[in-house]
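*Asks:*
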Amino acid sequence: MSSRVEVLLRENIKDVGRCGDVVKVTAGYARNYLLPRKLAITANDENKKAMMRRRAILDVEEAQRTAEIQARVATLDGIMVATKVKADENGHLYGSVNAGTIVELLERTGHKYEEKAIRLDAPIKTVGTHAVKIHVQGDHYAEVKVVVEAETEG
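Okay, here's the thing in structure tokens:
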């Protein structure tokens with residue numbers, strides 16, 4: 005059984021902790037991974053005081069970043085974009101509305117996103133209103149409505 009040591013994290017590490025946390029990890033993980041990569045430092049009183057000051061600054065920056073992300077989500081939520089596509093009398097599209105089409109529709113409303121941010125299980129192939137998730141950042145998503153109308157001939 006390996007011994008565990010306390011280290012002070014200098015960065016956020018998934019499944020271990022956030023920057024400034026004092027965590028117990030195996031001695032080998034600390035010695036071979038965290039310490040050489042400067043992801044952690046030994047958890048002594050001096051380092052803890054210095055990290056508390058840094059953590060306060062990081063918390064403020066993180067709160068600002070989160071507020072910006074939530075503002076972006078709020079501006080996107082509820083946006084309705086529309087497109088006309090050729091369809092049969094039953095409402096089935098001859099083509100489909102895919103992520104690329106949705107990106108173009110969003111750009112017309114002044115919102116620029118990449119195709120990989122559009123979360124579609126499958127391309128839209130029917131007339132109607134469809135809810136589409138947009139990945140904004142991290143775990144934050146917005147939902148836009150895509151209205152697909154049948155293109156009238158003539």
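Under our numbering, the first residue of the sequence shown carries the number 5, and numbering increases by one thereafter. Even for Gly, the Cβ is constructed at its ideal location relative to N, Cα and C.
(1) Are the stretch 37 to 44 and the stretch 73 to 89 touching by the rule of at least three beta carbon pairs closer than 8 Å?
(2) Less than 8 Å between C-beta atoms, sequence neighbours within five positions excluded: which residues of the same chain meet that for R58?
(3) Starting from E147, trace the alpha helix (DSSP H) in both directions and tell me its first and last residue.
(4) What does the alpha-carbon distance come out to for the pair V140 and V77?
(5) For a test of the three-state rule: what should DSSP assign to A13, helix, strand or coil?
(6) Between K137 and Y145, what straight-line distance do the alpha-carbon atoms span, to the nearest angstrom?
(7) Whose C-alpha, out of E65, I73 and A67, is nearest the C-alpha of H143?
(8) Can you grab the Cα-Cα spacing for the pair D92 / G99, in whole Å?
(9) Which same chain residues, not among the five before or five after A34, have their C-beta less than 7 Å away from its C-beta?
*Replies:* Reading from the atomic positions:
(1) Using a Cβ-Cβ distance cut-off of 8 Å, the stretch 37 to 44 and the stretch 73 to 89 are not in contact, since fewer than three pairs of beta carbons, one from each stretch, lie closer than that value.
(2) Once the five neighbours on either side are set aside, the close Cβ partners of R58 are C23 and G24.
(3) Careful: E147 lies outside any alpha helix (DSSP H), inside the beta strand (DSSP E) at H144 to A154.
(4) Each residue's alpha carbon lies about 7 Å from the other.
(5) The displayed chain sequence assigns Leu, not Ala, to residue 13. Note: L13 maps to strand in three-state DSSP.
(6) One alpha carbon belongs to K137, the other to Y145, and they sit about 6 Å apart.
(7) The question names His, yet the displayed sequence has Asp at residue 143. Nearest of E65, I73 and A67 to D143, Cα basis: I73.
(8) Each residue's CA atom was taken as its position, placing D92 and G99 some 11 Å apart.
(9) Correct list, in chain order: V9, V11 and A44.
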